[in-house]
Amino acid sequence: MTFPQTPLDVRVELGIGGAWTDVTADTYTRSPITITRGAADESSSLEHSKCELEFNNRLGRYSPRNPLSPYFGLIGRNTPVRVSVPGSESYLQVDGSATSWARTPDTAALDITGDLDLRIEATCDWNAAQGQALIGKWNSGTNQRSYLLRVQAGTVFLNWSVAGTASVFAQRPLPQIPPRAALRATVDVNNGAGGFTITFYWSTSMDGPWTQVGDPIISTPTTSIYAGTAPLEIAPQAVSGVPPMRGIVHRAEVRSGINGTLVADFDARAKPAGSTGWTDSAGRAWTLGAAAVVDDRAYRFVGEISSWPARWDVSGKDVYVPVEAAGTTRRLGQGKKALESTLKRRIPSAPSLLAYWPMEESETAGTLAYSPVAGADPMTLSGVDWAGDDTLGGSAPLPTVKAGATLSARVPSTTVTGWQAEFVYNVPTLPAVQTEVLRLGITGATMRTVVLYASVSATRLEILDADGSLLGWFNLTTTASLAAFAGKWNRLAIYSGDYGGGATLITATWRDVTTNVRYYLSASAAGTGQGRIATVSATWDANLEGMALGHLAVFTTPGTGALGTPPTTLIYDGADDGFYGETALARIARLGSEEAATVDLVGRGDDFYDPSIRLGPQRPATLLDLLEEIQEADGGILFERADRPGLVYRDRGSLYNQPVALALDYTAPGQVPPPLEPVEDDQQLRNDVTVTRDGGTSARAVLASGPLSVQPPPDGVGVYDEALTLSLHNDAQPRQIAGWRMHLGTYDDLRYPTVSLWLHAASALIPAVLGMDIGDRLTIANSPSWLPPGLIDQHMLGYTEVLDQHEWTLSMNCVLARPWQVGVVADRGRVDTSGTQLAADVTSTATVLPVTVTAGQPWVSSLVHPDDFPFDVVVGGEVVTVNDVVGQAGDRFDRSVTGGWGTATSGQAWTCSGGAASQFSVQGG
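Numbering (this note's numbering), first residue to last: -5 to 919.
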């Protein structure tokens, strides 16, 4: 077979001297470029991307230590490299920085005070935890707020201002939308009913059709929009608390009126690469920030070259450098240092922190606990069992107290008055007599000591002067507060406040780490001043033996001085239990933010489908281990980006009921070249699954009957078991996950581990392939007659791509997609009955199929639900189209005779065919 020999314009660039340098001419044409992304087999484990290529080194350019090379001193370990092909259109790339934007000046046309219609089509992280400002005419710093469209954590927001000083907003959670999508918001400032209406929409492009997102937001009274002086911006820069977007912008519109006059028409799709500005169809002059780039390339790999091995033949004339570039995950995986506990990572970030002692020392520690805060000396802690308790989710093991244990520490001096001291503790039981828990030494005030005591009868707070005389005290004796003080992990905060009239209020509050329920007691003293904490100390007798404690911190932020008010500094919140109950998407977003590791998220925007799973506590581990722990618990896919450094996480919900991203035809040239080799083996088979919550209970799911059950052959296949321990939030989750994993492991269908594609022969598919990513769905129509009928339906978990200037091949690693076609609550459709068989023999030309429903509800009736027809079923391994279901018990099918249909015998079972027919739930099918 002969294919066109038009050059493919593959480009290779190196990051040299802070800029991308085109070195395509030096890459060996005898050795194609090979790129591997995603899972190398049928697993979904994280693997770094790879790119293999060779450089022509006859002139010595690619020998890093060659002083005659123009790249001397500029290339070496981890030199950036990227590989690209021509894209289907141009786009604007913005990176979220202060100089990455597109802007047009304020004009009268943009000063829309009435009805408004905002639209943008972009490729970005719609689930960004910190949010992304997409398009707006907005400047928070100068009180020039007009209108703004933004997203955050899977929710779309429209902000507007009536006077420029205050912001009003409306919001709606987004459904699952693809990375490239269009969002739209309309404002009807006077809906005719004494109020205003905000409506959100989404679509796959700005060409529509638009799908409404949730119900319109209707409120009173009528509203208006401020005609401010801020420019209109793509990736707005001056939005308080919301960073500018990071991603790709294809186009955007601003209309005066709903579906009204087009007053701004940003469209980068046909602009030449490198454009820095233009005038749009509405007459708006756009300029770009220095870090905003118009590009027309589709990047297939971005990574780093870690080594430059020189090679040559015996003649010395053929000199080359074969390299294997890798994605950034390879470098991240080289380090073995675990991230510290969530408390130890969080507390030092408090701007008011004065001193901090984690107390996470190992079992062999002496009597000193170090402080990571500059200027704070180690704490003296004696009479404890170091690392004696490992039950607090947000910490490494902490010490437990023995009889006679003591604590003492000096706090660095400060000129700031007012303070807060806080630590976590777990007292097994309250002591029988009043026992000291913590003592604070105060300087710069009349009061010199604050002491907290606890017993079974009361918790007591005392304020003492220099002579030890009481200036103020309070006993708390309520049963609930005493019960809450012991038997669980709490965090205890003691803090000062200005009580007014020269009096100081001292408050002690303890908060249950798990439930966040809080109790407090306060004591006041007149004319003392708040002062500053100088020392922290305690002496514990046998009454508090077994108490675990740690993460003692002193802050310069005082309380408000109001009774019952929580402490001002809430730095411990969430971190003390290791962010227990955090969703998979939220944890990955937080880790990415904390570690400056770009992780884009693809997931459900609300709970309508199936939110990413809630997790157990984040314990100390490496970043990659933590990310893979999240992936394993949630069942999603973690992989490297192709177009820039960073990772993408697709949660489990984003894989359900996907639209087809790539539709292939077996009979079309180049679309499905050999090998297409289905396998029916046991590599993915799991029919006995046990899942254990780390620190909790276990659950088991066993397929007891059926062709892939644990029954010995021929009734089943025997036992294929799996046991795993996951970071989970509660003991109800193991049962659900075990059942789901068993479902995936026992879905009875052929696997197609590899699907190939020749893009140089099927160039019409290039735009679809460029828009496809890991986890997306592909189908193959018109499979050969020796394969089972119907669509071949797969998810792509990874691929190997081979590029040169004339050939472009893709070999995709695939798994079954049909197990991911799931029922959706409140959505009508059809699934199988629990059992259906042919009631009599039929011939290949029969147009009526008599059936018997052996279990469950009857099939849906065509008389009651005519719009649900036709649909396909599989009988004896062949596909039959059902036109009608008649009879009181749904016991007769009228069907079309399709090609390849043979005879069938009474008693043969059937099921709905794949695709939409198998994913829904109504009566019987």
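Heads up, the beta-carbon is just placed ideally off N, CA and C, and yes, glycines get one too.
Only a predicted model underlies this, so the values are computations on that prediction, with no experimental measurement involved.
Under 6 Å Cβ to Cβ from residue i, same chain only, skipping five residues before and after it: list those, please.
| i | result |
| --- | --- |
| residue 574 | 387 and 611 |
| residue 474 | none |
| residue 569 | 336, 337, 340 and 388 |
| residue 2 | 799 and 802 |
| residue 534 | 395 and 399 |
| residue 384 | 391 |
| residue 493 | 499, 518 and 555 |
| residue 403 | 373 and 530 |
Taking the straight line between their C-alpha atoms, what separation do you get for residue i and residue j?
| i | j | result |
| --- | --- | --- |
| residue 635 | residue 705 | 43 Å |
| residue 567 | residue 34 | 40 Å |
| residue 7 | residue 88 | 20 Å |
| residue 619 | residue 685 | 19 Å |
| residue 834 | residue 712 | 32 Å |
| residue 861 | residue 15 | 59 Å |
| residue 74 | residue 798 | 20 Å |
| residue 196 | residue 153 | 17 Å |
| residue 134 | residue 156 | 13 Å |
| residue 317 | residue 751 | 25 Å |
| residue 356 | residue 159 | 54 Å |
| residue 199 | residue 719 | 42 Å |
| residue 848 | residue 854 | 15 Å |
| residue 324 | residue 420 | 41 Å |
| residue 850 | residue 810 | 27 Å |
| residue 378 | residue 393 | 6 Å |
| residue 788 | residue 166 | 32 Å |
| residue 593 | residue 418 | 31 Å |
| residue 180 | residue 625 | 37 Å |
| residue 5 | residue 17 | 8 Å |
| residue 510 | residue 576 | 15 Å |
Taking residue i as the reference, give the member of the options with the closest Cα.
| i | options | result |
| --- | --- | --- |
| residue 670 | 241, 804, 628 and 373 | 804 |
| residue 187 | 212, 373, 485 and 450 | 212 |
| residue 240 | 319, 785, 709 and 595 | 595 |
| residue 756 | 118, 864, 402 and 667 | 667 |
| residue 150 | 140, 123 and 132 | 123 |
| residue 652 | 23, 172 and 643 | 172 |
| residue 729 | 690, 641, 589 and 44 | 690 |
| residue 408 | 361, 432, 507 and 551 | 551 |
| residue 294 | 761, 274, 874 and 858 | 761 |
| residue 753 | 745, 763 and 747 | 763 |
Taking 7 Å as the cut-off, decide whether the C-beta atoms of residue i and residue j are in contact.
| i | j | result |
| --- | --- | --- |
| residue 633 | residue 768 | yes |
| residue 414 | residue 560 | no |
| residue 920 | residue 627 | Here the chain comprises residues numbered -5 to 919, so residue 920 is not present and cannot be evaluated. |
| residue 660 | residue 731 | no |
| residue 792 | residue 31 | yes |
| residue 104 | residue 233 | no |
| residue 831 | residue 846 | yes |
| residue 57 | residue 290 | no |
| residue 138 | residue 217 | no |
| residue 673 | residue 682 | no |
| residue 521 | residue 496 | yes |
Tell me which residues share the same chain as residue i and place their Cβ nearer than 7 Å to its Cβ, disregarding the 5 neighbours each side in the sequence.
| i | result |
| --- | --- |
| residue 405 | 348, 349, 527, 528, 529, 530 and 548 |
| residue 738 | 813 |
| residue 525 | 411, 436, 437, 438, 439 and 441 |
| residue 743 | 810 and 812 |
| residue 272 | 265 and 280 |
| residue 717 | 684 |
| residue 617 | 326, 333, 585, 589 and 591 |
Between residue i and the rest of its own chain, which residues show a CB-CB distance below 8 Å, the 5 nearest in sequence each way excluded?
| i | result |
| --- | --- |
| residue 468 | 454, 455, 515, 516 and 517 |
| residue 464 | 456, 457 and 458 |
| residue 482 | 420, 506, 507 and 508 |
| residue 219 | 106, 107, 108, 110, 140, 141, 154, 155, 156, 181 and 183 |
Can you give the beta carbon distance from residue i to residue j, rounded, assuming they're within the 8 Å contact cut?
| i | j | result |
| --- | --- | --- |
| residue 284 | residue 93 | 4 Å |
| residue 369 | residue 227 | That pair is no contact at about 43 Å. |
| residue 630 | residue 644 | 5 Å |
| residue 117 | residue 52 | Actually they do not touch by this definition, with Cβ atoms about 40 Å apart. |
The ligand FMN and residue i: does any heavy atom of the ligand fall closer than 6 Å to the residue's C-beta?
| i | result |
| --- | --- |
| residue 141 | Absence of the ligand FMN is noted for the structure shown, with no ligands found whatsoever. |
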